[in-house]
Amino acid sequence: MASLTDAKRIVIKIGSALLVDRASGRLRAGWLHSLANDVARLKAEGKDVVLVSSGSIALGREVLALSRSDLPLERSQAAAAVGQIRLARAYEEALAPHGITTAQILVTLEDSEDRRRYLNSRSTLETLLGLGAVPIVNENDTIATDEIRYGDNDRLAAQMAVTVGADVLVLLSDVDGFYSANPALDSDAVRYDQIDEITPEIEAMAGDGISGLSKGGMITKILAAKMATAAGCAMVITEGSPLNPLKTLEDGAACTWFSALDDPQVARKRWIAAMKTRGVITVDEGAARALENGNSLLPAGVRHVEGDFGRGEPLAILGPSGRKLGQGLSRYTGDEARAIQGRQSAEIEATLGYPGRAALIHRDDMAL
């Protein structure tokens, strides 16, 4: 069974019902500070942490004195605009005493479906994690409409786990795991400790949520589990309401673990290797050796570029003899790649007229 102890990178989803008191509509500051203690401990153990947090609309509607019932789109977006500021500030104030820098990331479904936006998001998240920051991710409810929405943060959290190559996705929920039926309605419902395969029978057991604040029911958690586990990320559902919920989970709290189908990096490499290439990059002998040693492909080692491709599209990588070495996702368009081929990374800005990325294909986006 997976665990937080062995994980190197963890994505944690926090639902509105945990963060915002249902009766008063106010932030549960004590609970949030206990979560911050957990995050600080994980960071001290050398783990990367990403938080996917609901709560902006719930916080904003209280400030604007809006109804607790379903809001029309424009009022939901207004509430989100007000609440996002308070949500980001709350996390900043909770984590700052631990010396942890926070960053706000607002996304929509379009950002993961559009390859260029996806790569931009991934690069930003990787940079923030490399700098030791904790990204706070939420759906950009101020601009998202139904056709470009995730609609729930369970699937958004799964998408973030896939994007950053997380080992574990934690869904802090208002239930302590996955049950054979809704435990609030069926006293005979049985909780599963571990699920190794999400079968049609498991999917059929998923019911609606029982929270007055959360949008996602159990079915969204199953969809999140399918997405995460297919990418090599284990997922756990556990009740998040106790103080120090992550420590409580590590100490043996009731939960349901969904087993990863593969290692996240292996799964990503397999996905890249299966893509249809849109262009060809031929490299010199030095670059070929560097790739075999696990390095990124720099423009200096590129000898020829073929194809009209966009940023983020898959390219075949050929050695000097024409043998295919592998393939990877380009960080430049075809025209840009041709302009900088053979040049040192320090020359990219002068060549293109704007700062670029040092690698033409990063090693994390490459399958050899």
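Residue numbering for the sequence shown follows our numbering, beginning at 121 and increasing consecutively.
The beta-carbon is built from N, C-alpha and C at its ideal position, and this holds for glycine as well.
Beta-bridge partners of residue i, as assigned by DSSP
i	result
Ile492	What is shown of the chain runs 121 to 488, which leaves residue 492 out entirely.
Thr471	For Thr471, which the question treats as bridged, DSSP gives no partner whatsoever.
Leu449	Pro434
His424	Thr402
Val227	Glu259
Ser494	This structure does not reach residue 494, given that the chain is present from 121 up to 488, and the question cannot be answered.
Lys444	Leu438
Phe378	Ile315 and Met355
Asp168	Arg129
Met486	Gly448
Ile481	Leu417
Leu147	Val140
Thr222	Val254
Candidates the options: closest to residue i by CA position
i	options	result
Gln279	Thr340, Leu369 and Ser293	Thr340
Ala309	Leu291, Gly414, Ser300 and Pro475	Ser300
Leu289	Asp484, Asp231, Asp428 and Ser173	Ser173
Ala466	Ser307, Asp485 and Ala420	Ala420
Ala343	Ala208, Ile256, Ala286 and Phe298	Reading off the sequence shown, one finds Leu at residue 343, where the question assumed Ala. Per the Cα distances, Phe298.
Arg161	Glu456, Gly372, Gly473 and His218	His218
Cys353	Lys367, Glu359, Leu381 and Leu363	Leu381
Ala417	Asp274, Ala479, Ser196 and Ile130	The amino acid at residue 417 is misidentified as Ala; the sequence shows Leu. Out of Asp274, Ala479, Ser196 and Ile130, Ala479 has the C-alpha closest to the C-alpha of Leu417.
Arg311	Arg209, Ala373 and Ala350	Ala373
Met355	Val282, Met325, Asn302 and Lys367	Val282
Asp485	Gln385, Arg237 and Glu321	Gln385
Ala410	Ser189, Pro192 and Ile481	Ile481
Thr508	Asp296, Phe378, Leu239 and Ala143	What the structure shows of the chain is the stretch from 121 to 488, and residue 508 is not part of that stretch, so it cannot be assessed.
Leu249	Glu317, Leu207 and Lys128	Lys128
Arg142	Gln464, Ala286 and Leu179	Leu179
Arg443	Glu321, Val403 and Ala394	Val403
Anticipated Cβ contact below 8 Å, residue i with residue j, distance rounded
i	j	result
Arg477	Arg451	5 Å
Gly203	Ser176	4 Å
Ser293	Ile225	With 8 Å as the limit, Ser293 and Ile225 do not qualify as a contact, their Cβ atoms being about 22 Å apart.
Gln447	Ile392	7 Å
Leu438	Leu445	7 Å
Ala459	Thr471	6 Å
Val169	Lys163	6 Å
Arg431	Arg237	Wrong, their Cβ atoms sit about 10 Å apart, outside the cutoff.
Glu370	Thr125	7 Å
Arg61	Ala345	The chain is shown only over 121 to 488; residue 61 falls outside these bounds and no answer can be derived.
Met347	Arg275	7 Å
Leu139	Leu147	7 Å
Are the region 149 to 160 and the region 205 to 224 touching, with three or more C-beta to C-beta distances below 8 Å?
yes
Go through the region 281 to 368 residue by residue and report every complete run of the beta strand (DSSP E) that reaches 3 residues or more, in order.
288 to 293 and 354 to 359
contact_flag[the region 427 to 434, the region 396 to 413] where n(CB pairs < 8 Å) is 3 or more:
yes
Would you say the region 245 to 257 touches the region 176 to 196, given that touching needs at least three Cβ pairs under 8 Å?
no
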